[in-house]
Amino acid sequence: MMNISKIALLGNRLTGSIPVEIANISTLRVLELWNNQMSGNLPPELGNLTQIQTLGISSNYFSGELPATLAKLTTLLEFRIEDNQFSGKIPDYIQNWTSITKLMIQGSGLKGPIPSEISRLRNLTDLRISDLEGPEDAPMPQLNSMTKLHTLVLRNCNISGKLHDYLGTMTSLKHL
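Next comes the structure, spelled out in structure tokens:
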């Protein structure tokens, strides 16, 4: 049995898809594959990584919808999927990731609107969502329960309406 806790292969020229066998490493806490040339759908088996804390796959060519099995990743602290070619909506199951502190969904290919369930992620310190496809005139998400939020980026998300008053009372917020 493998006892690997971290796989970090950032900034290489790795191609192909994520091997399904990675999901068999029950001790894996960190999977970082940023800035490669990997592609294909994410294997649903990634949902078996129930101890994972960091899943970073930004700046690749991943596509398809995010597997529903990712809902089981309740130990996630950091989820980064920026700069990919995913399809489908931001999944409602992100509400299960109640420990998450960093959620990065910039230029991922996903569609909006931002799910209202995002308000349940009270431990977020860094929330970055941009370039969502989808419906015009999406409502501004309710973020007032995110009292630890330090950085908030909501760029090109088709949000309409007025800014919520609570933004002025979020004392931890430094970057908007």
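Those letters in the sequence shown? Residues 1 to 176, by full-length UniProt numbering. C-beta: ideal position from N, C-alpha, C; glycine also.
Excluding sequence positions up to five before and after residue 67, its CB lies within less than 6 Å of the CB of 42, 44, all in the same chain and listed in chain order. Residue 82 and residue 53 do not touch by the CB rule: their CB atoms are close to 18 Å apart, not below 8 Å. For the 9 Å CB-CB criterion, residue 120 and residue 152 do not form a contact. Residue 54 carries a strand assignment under DSSP once its states are collapsed to helix, strand and coil. Annotation: residue 98 to residue 123 spans about 7 Å, alpha carbon to alpha carbon. Per DSSP, residue 150 has no beta bridge partner at all.
Excluding five sequence positions before and after residue 109, the CB atoms of its chain that fall closer than 7 Å to its own CB belong to 84, 85, 86, 87, given in chain order. DSSP lists 30 as the beta-bridge partner residues of residue 6. Residue 73 and residue 130 have their C-alpha atoms roughly 23 Å apart.
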